[in-house]
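Peer 1: Be aware that the sequence shown starts at 701, since it is given in my numbering, and climbs by one per residue. Just dropping this structure here.
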Amino acid sequence: MALLRPGSSTDTELLIEAGGYYLRPPVMYDFRNWSSLRAESRAFLKPWEPLWPSDDLTRSGFRRRLRRYARDRKEGRSLSFLLFRARNDELLGGLTLSNIRRGVSQTATLGYWMGQRFAGKGHMSSAVAMILPFCFDVLNLHRIEAACLPTNSPSIRLLENAGFHREGYARNYLLINGSWQDHLLFACLAEDHASRPGRVAPSIEGILKEFL
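What follows is the structure, given as structure tokens:
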């Protein structure tokens with residue numbers, strides 16, 4: 701298995717692959733496919749995401765995004781991935797591990813998005829099944845948190861099927877689509893994941909030293 705996919709660069713230091721999918725950090729080469737998929741999915745994604753900057757889908761906006769990702773990686777705070785179908789390198793969506801806390805916490809927050817035409821087909825379930833072993837076995841985290849709107853039934857099912865447990869209800873938790881909105885709070889612990897049958901064992905190549 702090659703570490704770098706066609707069109708990627710040496711900035712891509714990490715590849716997670718399993719079950720016909722792979723995850724890797726975004727690079728500038730991804731701009732056209734990323735902006736196209738986000739643009740066509742805008743109405744689908746808007747109810748679940750923060751307001752987009754006015755220049756979010758521009759090349760300069762994407763370049764600024766990559767700089768922020770690089771800064772967060774360097775500081776050990778966040779890792780962002782794009783999700784691809786392995787057989788044709790088709791971009792499907794993305795995942796982010798943010799708010800990474802070490803010390804007595806060893807916790808991160810999982811976020812994700814899916815292009816509209818790929819939604820509801822199990823792609824993101826496969827991606828979450830790939831990222832959890834990386835979180836627990838490579839990054840040595842103890843707890844992965846996630847939150848979703850109470851009306852987002854597909855996301856609730858995804859998290860519960862992935863082994864997350866519902867832990868609470870947070871009022872006005874996040875500023876989504878321009879307004880403060882309540883969220884359901886979920887978490888998956890290392891021991892929860894270890895006890896699940898049929899766990900995915902992805903191939904993982906490369907690692908960023910900031911996270912070890």
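Yeah, the Cβ is synthetic: ideal placement off N, Cα and C, and Gly gets one too. As the structure is a computational prediction, the values presented were derived from the model and not from experiment.
Quick test of your reading: alanine 890 and histidine 865, contact by CB under 8 angstroms. State the CB separation rounded to the nearest angstrom.
Peer 2: About 13 angstroms separates the two Cβ atoms, so there is no contact after all.
Peer 1: Name, in chain order, the residues that DSSP records as bridge partners for glutamate 790.
Peer 2: Arg785
Peer 1: Measure the alpha-carbon distance for leucine 885 versus glutamate 905 and round it to whole angstroms.
Peer 2: The C-alpha of glutamate 905 is placed about 31 angstroms away from the C-alpha of leucine 885.
Peer 1: Is DSSP giving aspartate 882 helix, strand or coil here?
Peer 2: strand
Peer 1: Does the stretch 830-845 come within contact of the stretch 808-818, defined as at least 3 CB pairs closer than 8 angstroms?
Peer 2: yes
Peer 1: Between Arg771, Gly820, Arg802, Gln881, which lies nearest to phenylalanine 836 when the distance is taken from Cα to Cα?
Peer 2: Looking at the Cα atoms, Arg802 is the closest of the given residues.
Peer 1: Assuming alanine 827 and leucine 715 are in contact, meaning their beta carbons sit under 8 angstroms apart, how far apart are those beta carbons, in whole angstroms?
Peer 2: The pair is not a contact, with the Cβ atoms about 13 angstroms apart (cut-off 8 angstroms).
Peer 1: Using the Cα positions of serine 825 and asparagine 799, report the straight-line distance between them to the nearest angstrom.
Peer 2: 22 angstroms
Peer 1: Among the residues of its own chain, which have a CB less than 6 angstroms from the CB of glutamine 816, if the five just before and after it don't count?
Peer 2: Ser741, Phe744
Peer 1: Among Phe834, Tyr869, Gly793, which one has its Cα closest to the Cα of lysine 821?
Peer 2: Gly793
Peer 1: Can you list, in chain order, the residues of its chain whose CB lies under 8 angstroms from that of alanine 862, leaving out five sequence neighbours each side?
Peer 2: Ser825, Val828, Ala829, Leu832, Cys888
Peer 1: When the distance is taken between beta carbons, is tryptophan 813 closer than 9 angstroms to leucine 748?
Peer 2: It should be pointed out that residue 748 corresponds to tryptophan in this sequence rather than to leucine. Yes, the Cβ-Cβ distance between tryptophan 748 and tryptophan 813 is below 9 angstroms.
Peer 1: Using the Cβ count rule (16 or more neighbours within 10 Å means buried), how would you classify arginine 773?
Peer 2: buried
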